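Note that the numbering used here has the sequence shown beginning at 1, numbered continuously upward.
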Amino acid sequence: MNVPQLRMDKATFLDWAGAREERYELVGGRVVMMIRPLVGHARIVRNLIRALDSRIDHQSLEVLADVATDTGPYTIRAPDVLVVPLGADSKSKMTSPPVLIAEVLSDSSGTIDLGDKVAEYLRLPSLLAYLVVAQDEPKAWLWVRAGESFAAGPQVIEGLEAVATVGPLGFDLPMAEIFAGVHDGGRRDEAPSAS
């Protein structure tokens, strides 16, 4: 949902958005309201945070969620999950340049997460990997930097037995961990049966 005709620069946006409860991004200088996620989305984000946090080098990196990051001249995004170098001030309104960004698809974000954001994120010099995760099936798209650039298209990862290999950061993300409680046979989604 767009906030009607609100245009601002980055500094004004960060102050304005910081004073509101709703979530916003600045896209091409325009303020865009973000929708509230579904429970499945929140579970996948939680799973990604846990999986990434258990694999990163805590001497140099940290995992953050839903924090502003500068992705272009007039754009500030709030990715679902980021891996960033340590060192940002805790009171900072934006992250350090990310080395990994993960987005979870929603009904309204598919064309953006797999279109506009690919173009924005893959231009970030710091970025080593961009992961997009589906909600409605165990599927993900992964772009990994190889040398100076990214491959023309993503690696498509499907099925709970598959893994997303994030070579530049030296770890694998099992799809079963990413989708735990969402696409694992309903072990966490179903109510307990009455005995």
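Quick reminder that beta carbons are idealized off the backbone N, C-alpha and C, glycines included. Since this is a predicted model, take the numbers as computed values, not measurements.
query: Where do the ends of the beta strand (DSSP E) carrying I101 lie?
result: L100 to V104
message: Between W16, V84, A102 and L124, which has its C-alpha nearest G72's C-alpha?
response: L124
query: When you compare only the Cα positions, how much space is there between M33 and I178?
result: 26 angstroms
field: L48 versus S106 - alpha carbon distance
entry: Straight through space, the alpha carbons of S106 and L48 are spaced by roughly 16 angstroms.
message: I need the DSSP call for M33, collapsed to helix, strand or coil.
response: strand
query: When DSSP builds the beta bridges, which residues end up paired with A129?
result: DSSP, once it has assigned bridges, lists L100 and V144 as partnering A129.
- prompt: Quick one: what's got a C-beta closer than 6 angstroms to D172's C-beta in the same chain, skipping five residues either side?
  reply: V163 and T165
query: Going by C-alpha distance, which of L169, A134, R145 and A151 is nearest I157?
result: A134
query: Rounded to whole angstroms, how far is the Cβ of I44 from the Cβ of V83, which I believe are closer than 8 angstroms?
result: Actually they are not in contact, since the Cβ atoms of I44 and V83 sit about 16 angstroms apart, beyond 8 angstroms.
field: At least three beta-carbon pairs within less than 8 angstroms, the segment 59-69 to the segment 77-96
entry: yes
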